[in-house]
Every structure is written in C-alpha cells, then in structure tokens.
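A.B. asks: Handing you a structure now.
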Amino acid sequence: MGPTSLYRGSGGGGPTWPAAGAPSASLELGHSRVKQSLLAALDARGYSTLTPVQEAVTEPSLRGLDLLVSAQTGSGKTVGFGLAIAPTVLGEDERFGIAEAPLALVIAPTRELALQVKRELEWLYAGAGAVLASCVGGMDMRGERRALERGVHILVATPGRLCDHLRRGSVDLSAVRAVVLDEADEMLDLGFREDLETILEAAPEDRQTLLFSATVPRAIATLASEYQRDAQRISVQTTGGQHSDIDYRAVLVAEHDEENAITNLLRFHEAPNTIIFANTRAAVSRLVTRLSNRGFAVVALSGELSQGERSHALQSMRDGRARVCVATDVAARGIDLPNLDLVIHAELPMNEETLLHRSGRTGRAGRKGFSALIVPPRARRKAERLLAAAKLRAEWEAAPSADAVRERDESRLLADPVWAEEATEAEGRALDQLLAEREPAALALAVLRLWQGQRSAPEELLSVMPRNPQGQSFGPSRWFRLSIGRDRNANPKWLMPKICDAGGVTRKEIGAIRIGDEETFVEIALEAVEHFLATLGPDREIADGIILEATDGVPDMPAPRPRTFTGKPGRQGDKPFGKPYAKDRPYNDERPRGESDKPYGKKPFPRERSFNDEGTGERKFSKKPAGEDRGPRSFAKPRFADKDRPEKPYGGKSFGGQSYSDKPLSDGEVRKPRSAAPSDRERPRGEAKYTPKRAKPAYGAPKGKQRNG
C-alpha cells in the first residue's frame with residue numbers, strides 16, 4: 134500500500150515545516166515528542182533546536198507510522214530517524230532491556246555511511262543503554278557473528294553483508310520492530326533492490342518502515358507502495374530551493390587551465406578538509422598526481438581501491454594527515470568528513486541529483502560550505518542547465534588569480550593567533566641572539582619566506598575573455614604601408630614575426646593585415662605606434678628591401694572575403710575551385726551522360742601519334758572520321774597484314790560452330806572410346822562401387838602366402 138498522506142513544507146494538506154536554516158522549536162518539548170534519555174543526549178551534544186526534518190518526523194501524530202521522507206543531504210536525517218524510531222523500539226520505557234535479537238534495523242548503501250550512522254546512534258542512545266552492532270562489507274564476518282550472538286538492540290548493516298548473514302542463519306530478524314532505509318535512492322542505483330526485498334520479507338509485517346531519500350523517483354515510490362503500510366510522505370521545504378548553508382559558485386576557467394584553477398581555489402580558501410569530484414578513475418589518478426607534485430597532502434577514493442585502502446584514506450582525512458580528497462561519485466557516496474568546508478567539481482556531474490549529492494557533503498551541522506563548479510567555456514551551457522534543473526542559484530566568477538591568493542596569504546599571516554602568544558624562556562633567548570646578529574627587517578623577510586615555503590605557489594591563470602569576433606573594431610589604430618605584396622609571395626604568417634621583431638610590438642598590438650598585388654597594409658594599435666616607430670629607427674626597414682611608410686586613414690582596399698566551399702546557386706557563392714556543377718536536366722531525360730554538353734562526358738579515343746606529329750592540343754575532334762566512314766579504332770598497322778594465314782585443318786565451319794569431335798586425333802591408331810561405367814543409380818543394390826584391394830600379407834609371413842583370417 135502506498136502513501137496516503139502528503140506532508141510538504143510548501144503548505145497544503147498538512148503542517149508546514151519551517152525552511153532549512155530558519156529558527157525551529159526549542160528542545161524543551163517534553164516527553165510528548167522526544168524521549169528524556171535522548172533529549173539529554175541532544176542537550177549534551179550542543180543541540181539547541183531541531184532541524185526541520187527532525188521536527189517533522191517527531192510529530193506526535195506520526196508516532197509508529199510508516200514514513201517516506203525526502204530531505205536534502207546533510208539536513209540531520211540520521212538523528213531524525215533515530216528520534217523517530219525511539220517510541221517504537223523503547224515503548225514506554227526510557228532504557229533498553231537485555232540485548233537479544235535486534236529490535237531496530239538500519240540499512241545504508243555503503244560501508245562508510247553505515248559506520249557513520251552507527252557512530253551517530255551510539256551517542257544518541259548512550260543514555261538509553263542501547264547495544265549497537267554493524268554488519269558491513271570488508272569487516273571480519275566472524276566478529277560480526279559473535280556480536281550478534283551476544284545480543285543487539287540496534288543493527289546497522291549494508292544490504293549485501295546482511296543477506297550473507299541471513300543465508301548463513303547468523304542473524305534473526307523476527308523481533309525487529311522498526312526498519313530504516315537510509316539513502317534509499319542510492320541503494321536502488323547501486324542495484325540492491327533484490328537484497329532489500331529479501332531483507333524486508335525476512336522482517337515481521339507489523340514493523341514500522343521508514344524510507345529516507347534525498348529524491349523520490351518512481352522506483353522509490355514503487356518500493357514504498359510494496360513494503361510500507363499507509364505511509365505518510367514528508368517533504369521538507371528549503372529556503373529558496375537550495376541549502377542555506379552552502380554557497381554555490383560557478384568558476385569560469387580557460388580551456389585546459391582547469392587544474393591550475395583548482396590549485397588556486399585550494400590555496401585561496403585553505404579549507405580544513407576539501408573533496409574534489411571527478412567522473413572517472415583516470416581523472417582521479419591524474420589530479421592526485423598533479424596536486425601531490427604541487428605540495429598538497431592528498432588522498433584518492435575510487436572504485437579500484439580495497440576496503441583497507443579506503444579506510445586508510447578516510448582516516449588520513451579525519452586525523453589531519455591529508456586535507457584534500459579526490460574521489461568519484463560512487464566511491465564518495467555516504468562519506469562524512471569532519472570540517473569539510475569546500476567541494477570542488479573538477480568535472481561537471483551527469484545530472485542534477487548527482488550535483489546535489491556532491492554538494493551535500495559540505496554545509497553540515499550548521500557549518501558554512503562552499504561548492505565550486507569548474508566551468509570551461511565549452512561546458513557553460515551544460516552548467517547552466519544543471520543549475521536550473523537543480524533549482525540552484527550560483528554566482529558566476531573567475532578563478533582566484535595569483536595576486537588574489539597572495540593577498541589572502543598576507544591577511545591570514547597577519548591574523549594568525551601566533552602573534553598574540555607570549556614567548557617562552559627558550560624562545561626569548563633565541564630571539565635575543567637573532568636580533569644581535571641580524572636586522573629586524575632581515576628576520577621578518579626570513580619568516581615570510583619560511584611561511585610561504587610551506588605552501589604551494591599560486592598559478593598564473595589564462596584569460597577567459599573571448600576573442601574578438603571577425604569584423605569587430607580593433608580600437609584606435611594607425612595604418613602603415615609595406616613595399617611588398619603578392620608578387621613577392623607575401624603572407625601574414627611570414628610578415629607577423631618580422632613586424633613584431635623589427636618594431637618591438639606583440640601580436641595583440643597588430644590588427645588587420647591586407648595584402649595587395651604590390652603592397653601590404655598593416656594596422657597597429659595607436660598606443661603602440663610611438664614605441665613601434667622609435668624601435669624601427671629612421672630607415673623604417675622591416676626586412677631586407679621591405680620599407681614601412683605611414684598612411685593617412687584607412688587604406689582603400691577591400692577586406693578579404695571569407696573562403697567559401699560550395700558552388701550551389703543560392704548558397705554562399707560560386708565555387709572557387711574544382712569543376713562547375715552540372716546543369717539541371719528534366720526528370721525523364723534518359724540521355725547518356727556522354728551525349729550531353731557536360732565537360733566530363735564521354736570523349737573519343739585519341740589517334741596514335743608518331744614522332745613530329747602535331748600535338749593533342751592542336752588537333753580537333755572533327756578531324757577524326759565519324760559514322761559509317763569511320764576507320765578502325767586503332768590507326769596502327771595490322772599485325773599480320775603482309776602475311777598469308779594458313780588454312781584451317783578442318784572444314785569450312787566457323788570457329789564458333791566447330792565441334793571438337795571433328796578434329797583428327799593423329800595420323801596413327803584411333804583412340805578407343807572410353808567405356809561408360811554404370812552410374813550409382815544403375816548399380817545393383819549391395820554391389821560395391823570400387824573393388825576392394827587385395828589384403829597385404831601379415832608382418833613376418835612368407836611372401837606369396839596369406840595368413841588365415
């Protein structure tokens with residue numbers, strides 16, 4: 134049975150939940166909403182208010198009911214479903230009894246997310262005396278079996294490992310009162326539908342089932358209709374359609390300059406932890422190599438890593454030994470890194486759902502986050518479509534320049550709390566010795582260089598400004614004439630470096646170059662003319678024999694037309710090369726191609742010419758005979774014209790009608806006709822086609838005698 138009620142933050146047939154980031158109800162809610170043991174855990178954790186999704190699922194009217202909750206990533210869903218299942222698994226008690234079979238089951242798509250959920254529920258249910266266990270891939274299955282045998286109140290598992298325990302009979306789900314599917318849409322995307330069906334069928338039918346998902350596609354709605362009873366759907370509204378704690382930026386970069394822009398972003402923000410998303414393993418490996426070479430402490434997360442390598446990489450991020458993680462979408466699902474303030478999309482995601490999942494890694498637990506999309510010019514339209522589909526507003530900006538990074542470094546250096554710390558006795562003695570041997574300015578310079586040496590140098594970025602389209606004004610300029618043209622094979626590729634070297638100007642300061650038959654006109658930016666003429670000197674010689682002269686105004690020479698590649702009438706113009714197109718013929722005109730007036734029709738064979746004969750170009754086709762008086766195809770002399778051919782040795786029959794049997798074989802005896810052997814159809818049944826060969830004598834038998842068979 135599918136959902137029967139619909140709760141939305143936008144209003145309608147149910148209570149309106151406050152927007153994300155807005156003030157919510159106080160935790161002084163009493164026993165009617167949250168268990169006192171859980172309320173004490175929230176208070177000790179520093180919670181002053183509940184998030185919108187937590188307030189929605191703890192509504193007293195929804196106690197014990199099946200829920201289908203759609204809320205954005207990082208909105209406090211883990212604590213939310215922990216509070217929602219408390220009345221079901223605890224009943225009227227404040228603490229759990231003796232641990233036996235699991236009372237609550239939480240299923241997560243990945244190992245990292247399952248372990249994260251377990252950590253959250255451990256502190257939430259610590260006051261209630263809950264015993265938690267996990268069954269996830271990559272861990273020792275024997276240890277998990279022993280933990281299940283000792284007794285568990287809440288079991289957190291991944292679908293594949295839990296199915297393994299069910300098949301081995303090491304887990305009993307008959308006492309389960311509540312089942313939670315966290316990130317249900319991701320589990321279906323990973324192909325766990327059959328495993329989920331196996332698990333849900335093994336649990337009691339009167340259980341409470343909660344489905345939490347960032348989105349609710351058709352597959353999730355179908356799963357809810359099959360395994361939930363009168364489910365209430367809750368959709369939490371967000372302010373302005375996006376997470377209020379995440380700042381979205383679309384960073385424009387030049388082509389093939391994405392990695393330098395990522396380097397400057399990392400240096401500009403200096404986030405405690407950063408995650409960079411790429412679409413392929415190869416891109417992850419390349420980024421890890423480049424960032425490591427630039428001095429960043431970076432780890433990789435991709436599908437080719439083992440569970441041990443993944444755990445080591447994530448632990449490095451949690452311990453502070455690494456500050457940058459480069460990951461693919463699948464490998465990063467469900468991970469929760471502390472102090473993750475920056476998310477960089479090195480490559481644009483495939484769809485808007487992936488964009489939301491990526492960005493949801495930051496902006497958690499009330500911390501502000503920054504999500505930056507690296508957008509080269511070729512991908513700008515795709516980025517705009519993704520942002521529009523996800524209903525996100527992003528600020529478009531250029532990547533931080535090297536100067537901006539250096540300014541931010543200076544601000545961080547001056548704001549470092551080390552300036553306010555008192556010097557120790559040992560530090561004071563070292564300082565007195567340094568001041569006695571060095572000047573204060575030299576010491577300050579050494580400190581600055583040491584501080585900068587601990588960080589990667591910022592990169593100089595390419596400009597992302599588009600080039601001027603053809604025909605757009607070059608700006609204020611002046612024209613000059615060169616004494617060279619097409620008659621001396623002048624071309625822009627040869628003239629450009631000559632002008633730059635002789636006049637000391639750059640390519641950007643040279644505008645149009647118009648080449649005529651005997652002269653060439655060059656456009657120079659007005660601000661560079663004075664330096665250009667001073668560098669040339671009084672002789673004004675660009676190269677040997679090429680003199681430059683100033684002209685007044687724009688030269689009276691048409692700009693070159695762009696080359697066209699079609700000669701069809703009504704298109705860009707006449708075809709400037711090759712053969713002309715054929716004239717149109719009526720539909721029923723069946724004349725052979727060679728009989729028309731086309732220049733590529735059938736041509737007569739040329740006559741054979743001898744030495745000192747007139748050339749082909751001087752001979753006309755009318756000189757050849759035509760019609761019945763036309764001569765042979767070849768004007769050469771017949772091969773046997775002056776020789777008598779011998780008479781044929783057979784009758785007067787033509788060659789085509791001659792029979793081979795009429796020819797005499799020889800002057801001797803006539804060959805006997807070949808005896809006709811009976812065909813297979815005429816041969817009596819049972820008679821062999823070939824006579825069997827005579828058996829050979831056995832080895833060692835005397836010749837002429839046969840061994841008795």
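Residue numbers for the sequence shown follow our numbering, beginning at 134 and rising by one. For every residue, glycine included, the Cβ atom is placed at its ideal position computed from N, Cα and C.
Quick check on DSSP: helix, strand or coil for residue 844?
C.D. replies: Shown here, the chain extends from 134 to 842; a query on residue 844 therefore has no answer.
A.B. asks: Please check the pair residue 662 and residue 615, which I expect to be a contact at CB under 8 Å, by giving their CB distance rounded to whole angstroms.
C.D. replies: 15 Å between Cβ atoms; not a contact.
A.B. asks: Can you list, in chain order, the residues of its chain with a C-beta nearer than 8 Å to that of residue 411? Leave out the 5 residues immediately preceding and following it.
C.D. replies: Cβ within range, chain order: 417, 420, 459, 460, 461, 479, 480.
A.B. asks: Suppose the cutoff is 8 Å on Cβ atoms and the five residues either side in sequence are ignored; what does the same chain contact list for residue 515 look like?
C.D. replies: Once the five neighbours on either side are set aside, the close Cβ partners of residue 515 are 481.
A.B. asks: What's the C-alpha gap between residue 204 and residue 182?
C.D. replies: Cα to Cα, the separation comes out at about 18 Å.
A.B. asks: Leaving out the 5 sequence neighbours to the left and right, which residues in its chain are closer than 7 Å to residue 704 when beta-carbon positions are compared?
C.D. replies: Model confidence at residue 704 stands at a pLDDT of 46, short of 50, so the residue's coordinates are unreliable and nothing is read from them.
A.B. asks: How many whole angstroms separate the CB atoms of residue 595 and residue 390, which I take to be in contact at a CB cut-off of 8 Å?
C.D. replies: Between residue 390 and residue 595 the Cβ distance is about 5 Å, and since that is below 8 Å, they are a contact.
A.B. asks: Cβ of residue 367 within 8 Å of Cβ of residue 200?
C.D. replies: It is a contact, given that the beta carbons lie within the stated cut-off.
A.B. asks: Does the pairing of the region 486–498 with the region 448–459 give three or more beta-carbon distances under 8 Å?
C.D. replies: Too few Cβ pairs lie closer than 8 Å, so no.
A.B. asks: Would you list the one or two residues that DSSP bridges to residue 341?
C.D. replies: Paired residue(s): 311.
A.B. asks: Using DSSP bridges, identify the partner residues of residue 514.
C.D. replies: Answer is none; residue 514 lacks a bridge partner.
A.B. asks: Please determine, among 670, 276, 513, 526, the residue with the shortest C-alpha to C-alpha distance to residue 504.
C.D. replies: Among 670, 276, 513, 526, the Cα nearest to that of residue 504 is on 526.
A.B. asks: Could you tell me which whole alpha helix (DSSP H) segments of length 4 or greater appear in the region 395–428?
C.D. replies: Segments of the alpha helix (DSSP H) lying fully in the region 395–428: 414–426.
A.B. asks: Do you know offhand how far residue 651's Cα is from residue 623's?
C.D. replies: Computed Cα separation, rounded: 9 Å.
A.B. asks: Please state if the CB of residue 215 and the CB of residue 257 are separated by a distance shorter than 8 Å.
C.D. replies: Against a cut-off of 8 Å, the Cβ pair of residue 215 and residue 257 comes out as a contact.
A.B. asks: Let me make sure I understand the geometry here. Which of 280, 223, 569 has the alpha-carbon closest to that of residue 309?
C.D. replies: For the residues 280, 223, 569, the minimum Cα distance to residue 309 belongs to 223.
A.B. asks: Quick check: residue 236 and residue 286, are their CB atoms within less than 8 Å of each other?
C.D. replies: Contact flag set, yes.
A.B. asks: Keeping to the same chain, check which residues put their C-beta closer than 6 Å to that of residue 847; ignore five residues upstream and five downstream.
C.D. replies: Here the chain has residues from 134 to 842 only, and residue 847 is not among them.
A.B. asks: Specify, as a first and last residue, the run of the beta strand (DSSP E) that residue 506 falls within.
C.D. replies: Here the beta strand (DSSP E) through residue 506 covers 502–508.
A.B. asks: With residue 658 and residue 642 assumed to form a contact (beta carbons below 8 Å), what rounded beta-carbon distance in angstroms separates them?
C.D. replies: Yes, they are in contact, since the Cβ atoms of residue 658 and residue 642 sit about 4 Å apart, within 8 Å.
A.B. asks: Could you check the C-alpha separation between residue 844 and residue 635 for me, to the nearest Å?
C.D. replies: With the chain running from 134 to 842 in the structure shown, residue 844 is simply not present.
A.B. asks: Hey, which unbroken runs of the beta strand (DSSP E) at 3 residues or more fall wholly within the region 254–281?
C.D. replies: For the region 254–281, whole beta strand (DSSP E) runs of length 3 or above, ordered along the chain, are 265–268.
A.B. asks: Which residues share a DSSP beta bridge with residue 458?
C.D. replies: In the DSSP output, where bridge partners are listed per residue, residue 458 has 408, 432.
A.B. asks: Sort 547, 465, 231 by Cα distance to residue 577 and report the nearest one.
C.D. replies: Per the Cα distances, 547.
A.B. asks: Can you check which of these residues, 424, 288, 319, 383, is closest to residue 304 by C-alpha distance?
C.D. replies: Answer by Cα proximity: 288.
A.B. asks: Would you give the residue range spanned by the beta strand (DSSP E) that residue 675 belongs to?
C.D. replies: Where residue 675 is concerned, the enclosing beta strand (DSSP E) stretches over 674–676.
A.B. asks: Here's a check: name, in chain order, each residue in its chain whose Cβ is nearer than 6 Å to the Cβ of residue 86, leaving out the five neighbours to either side.
C.D. replies: This structure does not reach residue 86, given that the chain is present from 134 up to 842, and the question cannot be answered.
A.B. asks: Under the assumption that residue 329 contacts residue 314 (Cβ atoms under 8 Å), give the Cβ distance between them as a whole number of angstroms.
C.D. replies: Their Cβ separation, rounded to whole angstroms, is 7 Å, which keeps residue 329 and residue 314 in contact under 8 Å.
A.B. asks: Check whether the Cβ atoms of residue 637 and residue 665 lie closer than 8 Å to each other.
C.D. replies: Contact: yes.
A.B. asks: Rounding to the nearest angstrom, what Cα-Cα distance links residue 276 and residue 469 in this structure?
C.D. replies: Each residue's Cα considered, the two are about 25 Å apart.
A.B. asks: Mind checking whether residue 115 and residue 341 have CB atoms under 8 Å apart?
C.D. replies: Here the chain has residues from 134 to 842 only, and residue 115 is not among them.
A.B. asks: Is residue 485 helix, strand or coil when you go by DSSP?
C.D. replies: Reduced to three states, the DSSP call for residue 485 is helix.
A.B. asks: Report all residues from its chain with a CB closer than 7 Å to the CB of residue 292; omit the five preceding and five following residues, and keep chain order.
C.D. replies: The residues are 240, 320, 325, 328, 329, 332.
A.B. asks: From the DSSP output, in three-state form, read off residue 528 for me.
C.D. replies: In the structure shown, residue 528 sits in a strand (DSSP, three-state: E or B).
A.B. asks: Use the C-beta contact count for residue 600: other C-beta atoms within 10 angstroms, 16 or more gives buried, fewer gives exposed.
C.D. replies: The predicted model places residue 600 with a pLDDT of 49, which falls under 50 and marks its position as unreliable, so this point remains unresolved.
A.B. asks: Measure how close the beta-carbons of residue 383 and residue 508 come, nearest whole angstrom, since I'm counting them as under 8 Å.
C.D. replies: About 5 Å; that satisfies the 8 Å criterion.
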